[in-house]
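What follows is one structure encoded as structure tokens, with my remarks underneath.
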Amino acid sequence: MSEEQQVIQSEHTQNYSVDGKTVEIDIYRTEDSGWILEIVDENNNSTLWEDEFEKDNDALVEALDALKEEGIDNFIEPAK
């Protein structure tokens with residue numbers, strides 16, 4: 000029987016808003032993994048990074064850089 004792993008949420012998880020549009024920068028890990036970065040829009044669509052991060056702050060910096068360079072609209076999908 001497998002035991003469910005506890006998810007550890009980073010203190011760097013936060014909302015990010017530009018021009019009235021908001022996404023959540025979600026940073027989390029399990030006890031035996033690196034930090035996982037996911038950007039979630041208001042329709043619950045997400046962009047998940049394939050690589051894990053050693054430090055949660057590195058994941059936050061990556062998310063902020065991506066949002067600034069690519070624009071928030073690239074992380075928001077239309078409602079279905």
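First residue of the sequence shown? That's 0 in numbering that gives the first Met the number 0, and the numbers climb one at a time after it.
Note that the Cβ used here is the ideal one computed from N, Cα and C, for glycine as well.
Check your understanding: Which class does residue 0 belong to by DSSP, given the choice of helix, strand or coil?
Key -> Residue numbering aside, residue 0 sits at position 1 when the sequence shown is read from its first letter. Summary for residue 0: the model assigns pLDDT 44, below 50, so the residue's position carries little reliability; its value from the coordinates is reported in the next sentence. In the three-state DSSP reduction, residue 0 falls in the coil class, being neither helix nor strand.
Practice item. Ignore the nearest five residues each way along the sequence and tell me which others in residue 0's own chain have a CB closer than 7 Å to its CB. Key: In the sequence shown, the residue the question calls residue 0 occupies position 1. Only weak support exists for where residue 0 lies, its pLDDT of 44 falling under 50; the value from the coordinates is given anyway. Exclusion of the five residues before and after residue 0 leaves no residue of its chain whose Cβ lies closer than 7 Å to its Cβ.
Review point. Relative to the alpha-carbon of residue 30, which residue among 65, 62 and 8 has its alpha-carbon at the smallest distance?
Key: Here residue 30 corresponds to residue number 31 of the sequence shown, with the count starting at 1. Of 65, 62 and 8, the residue nearest in Cα terms is 8.
Review point. Given a threshold of 16 other Cβ atoms within 10 Å of its Cβ, counted over all protein chains shown, does residue 59 qualify as buried or as exposed?
Key: As a first step, residue 59 must be located in the sequence shown, where it is residue number 60. Buried, by the Cβ-count rule.
Check your understanding: Can you list, in chain order, the residues of its chain whose CB lies under 8 Å from that of residue 77, leaving out five sequence neighbours each side?
Key -> Reading the sequence shown from its first residue, position 78 is the one you call residue 77. Here the set comprises 42.
Exercise for review: Kindly indicate which residue of 36, 61 and 17 has the alpha-carbon position closest to the one of residue 26.
Suggested key: The residue given as residue 26 occupies position 27 in the sequence shown. Nearest C-alpha to residue 26 among 36, 61 and 17: 36.
Practice item. Give me whichever residues DSSP pairs with residue 73 in a beta bridge. Key: Taking the sequence shown and counting its residues from 1, the one referred to as residue 73 is at position 74. According to DSSP, residue 73 bridges with nothing at all.
Practice item. Assign residue 55 to buried or exposed, taking buried as 16 or more other Cβ atoms, counted over all protein chains shown, within 10 Å of its Cβ. Key: What you label residue 55 is simply residue 56 of the sequence shown in a count that begins at 1. Around the beta carbon of residue 55, 16 or more other beta carbons lie within 10 angstroms, which makes this residue buried.
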